[in-house]
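Q:
Protein chains in written order, with my numbering: chain A, 1 to 322; chain B, 1001 to 1103.
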């Protein structure tokens, strides 16, 4: 375990930190914490926040083309939630001593990542359903365990996010249900969306345990409470019966119920494809980041005007005597 | 309440200041810390706080405090600065005969 040697009573503080963790207590912002714990937390919360923000793009793509006014209103609310989730998480991340501007900068420079899943395109309306059902479904499976993570502000943000995500998953499943029970063309749309989103949704839960570089330390610090493979298995177990309910085919010929394990067995994930997307070579990596940077630059005058107005108010605006 | 401001590190030049947001869920309840927002001034911060923390009617009132205005106790002073819990401050410390009934 890493610690700062400049901290007085370093070993006492470190044992206090370890005692809090083993007692199941939360770590709070002004507590002493190992440098590596702080760094890991910043990396994880920032990546999560960036994912929420970038995640607005694939769905936002369909707001103007939603098939009804009700669907449009719901999709706007959902995309607005994603922005809100990003803000809860940035707020939590900033308690660790990094500024919002730094976080934006790190994302824009590609030095911090967001979830690989948002680098896939949304080609049809069914993709909006598939994202809610599968992508948000996979995310919730992970996030529910994170409500018990050891860093207090992150855990509290996750509680709030999980409540709101469950609307997202249900609205996605409802879109899929409507399509699956619709015309032949609608069924085909739903199947096509499942075919394209299934594997990326499994991969987004992170590399297999034997390849995951952060897992051991993160488990020890209570940052993670379950491994990627455990969470992935639970997601598959929950989702396969839902696909069957929809009458859709899960695109995995190895998928089979294992009576002995009490779980669904599933096929090998193409990790080379996953890492290609993580490395920046997915279908939409460039577009997503370029759009984010453009939006940030386009909004510069608004931020400047806000600050100028606040400064003017603070110093007493000159009265117009005319 | 332990506040959750960003570290006392000075914000970047031109950065929007940070405001802590407290939300009253309904009448009869106290305001509870919900998170923080960045905004150049209080009126803008209030609108941001409404949009970010009360999208589902979670609040009937919002308090904002500039993060720099919060005074907090020393997190390292837990044991010695806060008084130990004395058992005789609690009703369960005292035994009362059953004959007395509810007391």
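Glycine is no exception: its CB is placed at the ideal position from the N, C-alpha and C atoms. This one's a predicted model, so the numbers in the text were calculated from it and none came from an experiment.
1. Give a yes or no on whether 8 Å exceeds the smallest Cβ distance from residue 28 of chain A to chain B.
2. Taking only runs of the alpha helix (DSSP H) that begin and end inside the segment 232-306 of chain A, which ones reach a length of at least 4 residues, in chain order?
3. Tell me, to the nearest whole angstrom, how far the beta carbon of residue 130 of chain A is from that of residue 205 of chain A; I am working on the premise that it is less than 8 Å.
4. For the segment 93-108 of chain A against the segment 63-73 of chain A, do three or more pairs of beta-carbon atoms, one drawn from each stretch, fall closer than 8 Å, so that the two count as touching?
5. Is it buried or exposed, residue 244 of chain A, if we count other Cβ atoms within 10 angstroms and call 16 or more buried?
6. Can you find a heavy atom of the ligand MN that lies under 7 Å from the Cβ of residue 1099 of chain B?
7. Beta-carbon of residue 1068 of chain B versus every beta-carbon of chain A: anything under 8 Å?
8. Please look up how many angstroms separate the CB atoms of residue 147 of chain A and residue 155 of chain A, rounded, as I've assumed it's under 8 Å.
9. Less than 8 Å between CB atoms is the rule here; does residue 310 of chain A satisfy it with respect to chain B?
10. So what does residue 1024 of chain B bridge to, in DSSP terms?
11. Can you give me the start and stop residues for the alpha helix (DSSP H) that residue 17 of chain A sits inside?
12. If you reduce the DSSP assignment to three classes, tell me which class residue 1081 of chain B lands in.
13. In or out: residue 209 of chain A buried (at least 16 other Cβ within 10 Å) or exposed?
14. Going by other Cβ atoms of all chains shown within 10 Å of its Cβ, with 16 needed for buried, is residue 123 of chain A buried or exposed?
15. Kindly identify the DSSP beta-bridge partner or partners of residue 1019 of chain B.
16. Just the chain B side, please: which residues come within less than 7 Å of residue 270 of chain A by C-beta, in chain order?
17. With a threshold of 8 Å between beta carbons, is residue 1100 of chain B in contact with chain A?
18. Give me the subset of the segment 1041-1069 of chain B whose CB atoms are less than 7 Å from a CB atom of chain A, sorted by chain position.
19. Return the first residue and the last residue of the alpha helix (DSSP H) that residue 128 of chain A is part of.
20. Name, please, each residue of chain B whose Cβ falls closer than 8 Å to the Cβ of residue 88 of chain A.
21. Near residue 211 of chain A, which residues of its chain fall below 8 Å by C-beta distance, leaving aside the five closest residues on each side in sequence?
22. For the putative contact between residue 221 of chain A and residue 21 of chain A, defined by C-beta atoms under 8 Å, what is the C-beta separation to the nearest angstrom?
23. In the DSSP assignment, what are the bridge partners of residue 151 of chain A?
24. In chain order, what residues of the same chain have a beta carbon less than 7 Å from the beta carbon of residue 74 of chain A, not counting five sequence neighbours either side?
25. Taking the Cβ atom as the reference point for each residue, do residue 199 of chain A and residue 269 of chain A lie within a distance shorter than 8 Å?
26. For chain B, is any of its Cβ atoms less than 8 Å away from the one on residue 220 of chain A?
27. For residue 1050 of chain B and residue 263 of chain A, I'd like the C-alpha separation in whole angstroms.
28. What's the gap between the Cα of residue 79 of chain A and the Cα of residue 120 of chain A?
29. Specify the secondary structure class of residue 1094 of chain B as computed by DSSP and reduced to three states.
30. Would residue 143 of chain A count as contacting chain B if we go by Cβ distances under 8 Å?
A: This is what the structure holds:
1. Under the Cβ distance rule, residue 28 of chain A counts among the residues neighbouring chain B, one pair being separated by less than 8 Å.
2. Whole alpha helix (DSSP H) segments, 4+ residues: 271-276, 285-298.
3. The Cβ separation is near 16 Å, so there is no contact.
4. Contact between the segment 93-108 of chain A and the segment 63-73 of chain A is not established, with fewer than three Cβ pairs separated by less than 8 Å.
5. With fewer than 16 Cβ atoms within 10 Å of its Cβ, residue 244 of chain A is classed as exposed.
6. The ligand MN is not among the ligands present in this structure, which contains no ligands whatsoever.
7. Answer no: the Cβ-Cβ gap between residue 1068 of chain B and chain A never drops below 8 Å.
8. Right, their Cβ atoms sit about 6 Å apart.
9. Contact of residue 310 of chain A with chain B is assigned, a C-beta pair being separated by under 8 Å.
10. DSSP output for residue 1024 of chain B lists B:1031, B:1061 as bridge partner(s).
11. Secondary structure note for residue 17 of chain A: its alpha helix (DSSP H) is the uninterrupted segment 10-22.
12. It is helical.
13. Under the 10 Å beta carbon count, residue 209 of chain A is surrounded by fewer than 16 other beta carbons and is classified as exposed.
14. For residue 123 of chain A, the number of other beta carbons within 10 angstroms of its own is below 16, and it is reported as exposed.
15. Answer is B:1037, B:1066, bridged to residue 1019 of chain B.
16. Going along chain B, no residue has its Cβ under 7 Å from residue 270 of chain A, so there is no contact; the nearest lies around 38 Å.
17. Contact of residue 1100 of chain B with chain A is not assigned, every C-beta pair being separated by 8 Å or more.
18. Taking 7 Å as the Cβ-Cβ cut-off against chain A, the residues of the segment 1041-1069 of chain B that qualify are 1041, 1044, 1052, 1055.
19. Counting along the chain, the alpha helix (DSSP H) containing residue 128 of chain A begins and ends at 125-130.
20. Result: 1035, 1052.
21. The beta carbon of residue 211 of chain A sits closer than 8 Å to those of 271, all from its chain and outside the five residues before and after it, given in chain order.
22. About 7 Å separates the Cβ atoms of residue 221 of chain A and residue 21 of chain A, confirming a contact at the 8 Å cut-off.
23. For residue 151 of chain A, DSSP records a beta bridge to A:27.
24. Correct list, in chain order: 171.
25. Between residue 199 of chain A and residue 269 of chain A, the C-beta spacing is below 8 Å.
26. So, not an interface residue.
27. Each residue's Cα considered, the two are about 44 Å apart.
28. Approximately 17 Å, taken between the alpha carbons.
29. Of the three classes helix, strand and coil, the one that applies to residue 1094 of chain B here is coil, per DSSP.
30. By this cut-off, residue 143 of chain A is not an interface position.
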